[in-house]
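Visitor: Encoded as C-alpha cells, here's the structure I'll be asking about.
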Amino acid sequence: MAKLIILLFFINFSLQSSAVESRLTTDFYSKSCPRFLDIVRDTITNKQITTPTTAAAALRLFFHDCFPNGCDASVLVSSTAFATAERDSSINLSLPGDGFDVVIRAKTALELACPNTVSCSDILAAAVRDLLVTVGGPYYEISLGRRDSRVSRSSLLLADSLPLPSSPISKLVEQFTSRGFSVQEMVALSGAHTIGFSHCKEFTNRVARVNETGYNPRFADALKKACSNYRNDPTISVFNDVMTPNKFDNMYFQNIPKGLGLLESDHGLYSDPRTRPFVELYASDQARFFKDFAGAMQKLSVYGVLTGRRGEIRRRCDAIN
C-alpha cells in the first residue's frame, strides 16, 4: 500500500511538473534573462531604422511560421545536404531576408547575455510585436516560454498550408476556421497588408482584366506601368497599401472599397457577404481594428506552440541543435 501511495504521488507530481513546465507567462524570462525584452527592442529599433521594410518582413515571416504547423521557429531553419527545410519550400522562397536577419541579430545578442536560455520562437514573437509598435501598430502582451521545433522539412508543408494571394474567400475561410480562427479574426489579420509589398507576378494577370476584377481604372494603369518589366525582373514589387505604405493603420480597409486593393484576396474580402461587414467596420473605426488585430495576433502567437520537453532552445536559430 505504501508503495502504491508513493507511486501515485510520483505520477501526480510528474503531471503537475509537466503542467508548470509547459505554462506560458508574460514574465517567463524575468529571472533567467531579465533584459530579454530590452535586448529585443534595441535590436529591432536599430534594424528598423536602417531598413524600414523590416517590420513587414518579420510580420510575414511570423505568419509563415505559425499558420502551417504552429509557432515553433521551424521556418527559420536552413536546409542541409540531407534535408530541405521549410524556408526553401516554394511557398516560402519569397520571404524577405530582413525578417530572418532581425531574429538572428537578436539571438546573437541574447546568447551573449543569457546563453542557451531564450528560444528563437519567443524572439520572433516579441520582435514582431515591437516592430509593429514602431510603425504605429497596437501594443499587445506576449506570452513567453515557447520551445523551438527539432524538425523543419519542406515536405511537411501541405499544399494548402498557407493562404495564397489568389485564394478565393471560401478557401481562406476554410483555412482559418480549421485552425480555430473566426471569420472576423481572419479579416483583422488580413489588415497586416497595411504594410509590406507584393511582387508583380502575384497580381498582374488580374490587373489586365480590370473590368472583371474591381480595380480602380487609374490604379490599374499605374500598376501596369510599375510592373511592365516584371518578367525580366521578377523582384519588382508594389506596396500593399499605396496610400500609407510604411504606417500601420486602417488605410488598407479604406482602400479596398475604392478599388485600391492589390491582391485577389483583398478584393474578395469586400465582395463576399461574410467578410464585407468587417471590412466596412475596420475602415470606419481604426481603434476597433487595432483591438481586434491585437487579439488575433495574441491568439496566433500561441497557436500550436511547443513547450517544456516537447521542443528545444536552439543555440542558432537557423540550425537544429
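Residue numbers for the sequence shown, in mature numbering (1 follows the signal peptide of the UniProt record, and there is no 0): -19 to -1, 1 to 302.
We put the beta carbon where it would ideally sit given N, CA and C, even for glycine.
Fair warning: this is a prediction, and the values are worked out from it, not measured in the lab.
(1) Just curious, the alpha helix (DSSP H) that phenylalanine 220 is in, first and last residue?
(2) Among the candidates Phe63, Pro77, Pro15, whose CA atom is the shortest distance from the CA of glycine 177?
(3) Look at the Cβ atom of glycine 51, then the Cβ atom of threonine 288, and state whether they are nearer than 8 Å.
(4) Which residues in the same chain have their Cβ closer than 6 Å to the Cβ of leucine -5, if we skip the five residues on either side of it in sequence?
(5) Starting from the Cα of tyrosine 121, find the closest Cα among Arg295, Cys298, Asp273, Ala87 and give me that residue.
(6) How far does the beta strand (DSSP E) with histidine 180 in it reach, from first residue to last?
(7) Is alanine 64 helix, strand or coil when you go by DSSP?
(8) Hey, which unbroken runs of the alpha helix (DSSP H) at 4 residues or more fall wholly within the region 196 to 259?
(9) How about the region 2 to 21 and the region 93 to 113: do they share at least three Cβ pairs that are nearer than 8 Å?
(10) Given that a residue counts as buried once 16 or more other Cβ atoms are within 10 Å of its Cβ, and exposed if not, what is lysine -17?
(11) Under a three-way DSSP split, which group does threonine 6 fall into?
(12) With distance defined between alpha-carbon atoms, name the residue in Asp103, Val116, Phe43 nearest to threonine 7.
(13) So what's valine 281 in DSSP terms, helix, strand or just coil?
(14) Is proline 254 buried or exposed, if buried means 16 or more other CB atoms sit within 10 Å of its CB?
(15) Do leucine 139 and the ligand COA come close, with the Cβ less than 7 Å from some heavy atom?
(16) Using beta-carbon positions only, say whether alanine 39 and alanine 108 come within less than 8 Å of one another.
(17) Nearest-angstrom Cα distance between serine 55 and isoleucine 294?
(18) Starting from alanine 36, trace the alpha helix (DSSP H) in both directions and tell me its first and last residue.
(19) Please state whether the Cβ-Cβ distance between asparagine 213 and phenylalanine 270 is less than 8 Å.
(20) Spatial neighbours of threonine 216 within its chain, please: CB distance less than 8 Å, with the 5 preceding and 5 following residues excluded, ordered by chain position.
(21) Which residues in the same chain have their Cβ closer than 7 Å to the Cβ of alanine 90, if we skip the five residues on either side of it in sequence?
(22) Between the Cα of threonine 115 and those of Leu262, Arg257, Phe259, Phe229, spot the shortest distance and give me the residue it belongs to.
(23) Considering only the beta carbon of each residue, do aspartate 299 and leucine 42 sit closer than 8 Å?
(24) Given a cut-off of 8 Å, decide if alanine 66 and serine 133 are closer than it, judged by their beta-carbon atoms.
(25) Measure the C-alpha to C-alpha separation of alanine 140 and aspartate 129 and round it to an integer number of angstroms.
(26) Less than 8 Å between the CB atoms is what I'm expecting for alanine 277 and alanine 169, so what's the real figure, rounded?
(27) In the DSSP output, what is residue 304 paired with across the bridge?
(28) What are the boundary residues of the alpha helix (DSSP H) that includes alanine 106?
(29) Look at the alpha carbon of alanine 268 and the alpha carbon of leucine 262, and state the distance between them as a whole number of angstroms.
(30) Kindly confirm or deny that the region 195 to 205 and the region 231 to 246 touch, where touching means at least three C-beta pairs closer than 8 Å.
(31) If I measure Cβ to Cβ from leucine 5 and keep anything under 8 Å in the same chain, skipping five residues before and after, which residues do I get?
(32) Can you tell me whether alanine 173 is helix, strand or coil according to DSSP?
Guide: Result, derived from the coordinates:
(1) Per DSSP, phenylalanine 220 is not a residue of any alpha helix (DSSP H); the beta strand (DSSP E) it occupies stretches across 218 to 220.
(2) Residue Pro77 is the option with its Cα nearest to glycine 177.
(3) Not in contact: glycine 51 and threonine 288 (Cβ atoms no closer than 8 Å).
(4) The predicted model places leucine -5 with a pLDDT of 42, which falls under 50 and marks its position as unreliable, so this point remains unresolved.
(5) Ranking the options by Cα distance to tyrosine 121, first place goes to Asp273.
(6) In the DSSP assignment, histidine 180 falls within the beta strand (DSSP E) that extends over 178 to 180.
(7) DSSP, read as helix, strand or coil, puts alanine 64 in coil.
(8) For the region 196 to 259, whole alpha helix (DSSP H) runs of length 4 or above, ordered along the chain, are 198 to 207, 232 to 236, 245 to 252.
(9) Between the region 2 to 21 and the region 93 to 113, the count of Cβ pairs shorter than 8 Å is three or higher; the stretches touch.
(10) Low confidence applies to lysine -17: its pLDDT is 44, below 50, so where it sits in the model is not reliable, and the reading given next is rough at best. An exposed status is given to lysine -17, since fewer than 16 other beta-carbon atoms sit within 10 Å of its beta-carbon.
(11) Of the three classes helix, strand and coil, the one that applies to threonine 6 here is strand, per DSSP.
(12) Minimum Cα distance to threonine 7 is reached at Asp103.
(13) Checking the sequence, you will find leucine at residue 281 rather than valine. For leucine 281, the secondary structure class from DSSP, reduced to helix, strand or coil, is helix.
(14) Burial call: exposed.
(15) This structure lacks the ligand COA; in fact it carries no ligand of any kind.
(16) A contact, by the Cβ cut-off of 8 Å.
(17) So the two alpha carbons sit approximately 12 Å from each other.
(18) Element bounds for alanine 36: 35 to 50.
(19) Inclusion of asparagine 213 and phenylalanine 270 in the CB contact set at 8 Å is not warranted, their separation being larger than that value.
(20) Here the set comprises His180.
(21) Around alanine 90, the same chain offers Ile20, Thr24 as residues with beta carbons nearer than 7 Å, after the five sequence neighbours per side are excluded.
(22) Nearest C-alpha to threonine 115: Phe229.
(23) Between aspartate 299 and leucine 42, the CB-CB gap reaches or exceeds 8 Å.
(24) Yes, Cβ-Cβ distance for serine 133 and alanine 66 is below 8 Å.
(25) C-alpha of alanine 140 to C-alpha of aspartate 129: approximately 23 Å in a straight line.
(26) Contact between alanine 277 and alanine 169 holds, with the beta-carbon distance rounding to 5 Å and staying under 8 Å.
(27) In the structure displayed, the chain extends from -19 to 302; residue 304 sits before or after that span and is not available.
(28) For alanine 106, the uninterrupted alpha helix (DSSP H) segment begins and ends at 101 to 115.
(29) Each residue's Cα considered, the two are about 10 Å apart.
(30) The count of Cβ pairs closer than 8 Å, one atom from the region 195 to 205 and one from the region 231 to 246, reaches three, so the stretches are in contact.
(31) If you ignore the 5 residues before and after leucine 5, its C-beta comes within less than 8 Å of the C-beta of Ser124, Leu125, Gly126, Arg127, Val283, Val286, Thr288, all in its own chain and listed in chain order.
(32) Note: alanine 173 maps to helix in three-state DSSP.
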